[in-house]
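Undergrad: Here this note's numbering runs 30 ahead of the position in the sequence shown, where the first position is 1.
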Amino acid sequence: MTAEMFEPRKHGFRKLPISGPGHLEWFERNINGFDGDGYDPLRLNVYLTRDGGFTTIWFGLLDSAAAEHKLGVVADLSVNLSELYEEIFFRGDIEAPAFGATLLEAIRVDQKRACILKMSEEFGLECHALK
Numbered sequence: 031m032t033a034e035m036f037e038p039r040k041h042g043f044r045k046l047p048i049s050g051p052g053h054l055e056w057f058e059r060n061i062n063g064f065d066g067d068g069y070d071p072l073r074l075n076v077y078l079t080r081d082g083g084f085t086t087i088w089f090g091l092l093d094s095a096a097a098e099h100k101l102g103v104v105a106d107l108s109v110n111l112s113e114l115y116e117e118i119f120f121r122g123d124i125e126a127p128a129f130g131a132t133l134l135e136a137i138r139v140d141q142k143r144a145c146i147l148k149m150s151e152e153f154g155l156e157c158h159a160l161k
């Protein structure tokens, strides 16, 4: 008999259509009232990756290098989006659903505000909360 594994989709995450190395799965926290089809490299949100039981949970960008490229700041050494916006919450094994639920509650992922980064001529790099 196989024990039930932690399933991010049962805890407010949606699986992203990304294929990673090996069996890596990518998830993004659902945003209430927001149509999040696909993914946006400029969206700050809570993300989760899993490879078997090993899980990483963070708030930030899905890929800071892709965001820097899209914003046109790759050559600007003063802009490092992962340093500015990335916060790692957890790296380790989440096997049991109860432990995963408790961990997500302790991290308070439901209180993290999803945002979008934009570049404007007037103000430069801007961060706007998604409504």
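Glycine included, C-beta positions come from ideal geometry on N, C-alpha and C.
Flag this pair as touching only if the region 42-53 and the region 107-120 have three or more C-beta atom pairs under 8 Å; answer yes or no.
TA: no
Undergrad: State the start and end residues of the unbroken beta strand (DSSP E) segment that holds residue 158.
TA: The residue you call residue 158 lines up with position 128 of the sequence shown. It spans 154-159 - the beta strand (DSSP E) in which residue 158 sits, taken as one unbroken run.
Undergrad: Quick check: the Cα distance between residue 108 and residue 99, rounded to an integer number of angstroms?
TA: For this step, residue 108 is matched to residue 78 along the sequence shown. For this step, residue 99 is matched to residue 69 along the sequence shown. The alpha-carbon atoms of residue 108 and residue 99 are separated by roughly 14 Å.
Undergrad: Classify residue 37 as helix, strand or coil using the three-state DSSP reduction.
TA: Indexing the sequence shown from 1 puts residue 37 at position 7. In this structure, residue 37 counts as coil in the three-state DSSP scheme.
Undergrad: So residue 35 packs on residue 102, CB below 8 Å; how close in whole Å?
TA: Translated into positions along the sequence shown, residue 35 becomes position 5. Translated into positions along the sequence shown, residue 102 becomes position 72. Going by Cβ atoms, the distance from residue 35 to residue 102 rounds to 41 Å, so no, they are not a contact pair.
Undergrad: Thinking C-alpha only, which one of 141, 69, 138 is nearest residue 92?
TA: Working through the sequence shown from its first residue, we reach residue 92 at position 62. Measuring from the Cα of residue 92, the nearest candidate turns out to be 69.
Undergrad: Pick out whichever of 84, 53, 88, 54 has its Cα sitting closest to the Cα of residue 75.
TA: Position 45 of the sequence shown, counted from the start, is the residue given in the question as residue 75. Of the listed residues, the one whose Cα sits closest to residue 75 is 88.
Undergrad: Where residue 51 and residue 159 are concerned, what is the direct C-alpha to C-alpha distance, given to the nearest angstrom?
TA: Walking along the sequence shown from the start, residue 51 turns up at place 21. Walking along the sequence shown from the start, residue 159 turns up at place 129. Approximately 31 Å, taken between the alpha carbons.
Undergrad: Beta-carbon separation of residue 120 and residue 133 under 8 Å?
TA: In the sequence shown, counting from the first residue as 1, residue 120 sits at position 90. In the sequence shown, counting from the first residue as 1, residue 133 sits at position 103. Yes. Within cutoff.
Undergrad: Consult DSSP for residue 124 and reduce its assignment to one of helix, strand or coil.
TA: Locating residue 124 in the sequence shown gives position 94, counting from the first residue. Reduced to three states, the DSSP call for residue 124 is coil.
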